[in-house]
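Just so you know, the sequence shown maps onto residues 128 to 164 in my numbering.
Yeah, the Cβ is synthetic: ideal placement off N, Cα and C, and Gly gets one too.
Working notes, beginning with the structure itself.
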Amino acid sequence: MNMLIAAQAIAQGFTLVTHDLKKFNRVPGLKCETWGD
Numbered sequence: 128m129n130m131l132i133a134a135q136a137i138a139q140g141f142t143l144v145t146h147d148l149k150k151f152n153r154v155p156g157l158k159c160e161t162w163g164d
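In structure tokens, the structure reads:
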């Protein structure tokens, strides 16, 4: 499911905001920011 979320974010040109960057940092081309502390 995480890869589907990542693919949609890339396709739409969005930055994905998540609390767990480990799950998404390995996806090339995906812009991520952390949510929380």
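For residue i and residue j, I'd like the C-alpha separation in whole angstroms.
{"i": "Gln-135", "j": "Gly-156", "result": "12 Å"}
{"i": "Met-128", "j": "Phe-151", "result": "11 Å"}
{"i": "Ile-132", "j": "Gln-139", "result": "11 Å"}
{"i": "Phe-141", "j": "Gly-163", "result": "19 Å"}
Please identify the residue among the options whose C-alpha is closest to the C-alpha of residue i.
{"i": "Thr-145", "options": "Met-128, Asn-129 and Glu-160", "result": "Glu-160"}
{"i": "Met-130", "options": "Gly-163, Val-154 and Lys-158", "result": "Val-154"}
How close, in whole Å, do the beta carbons of residue i and residue j come, if the pair is a contact with beta carbons under 8 Å?
{"i": "Leu-143", "j": "Lys-158", "result": "7 Å"}
According to DSSP, residue i sits in a beta bridge with which residue or residues?
{"i": "Leu-143", "result": "Cys-159"}
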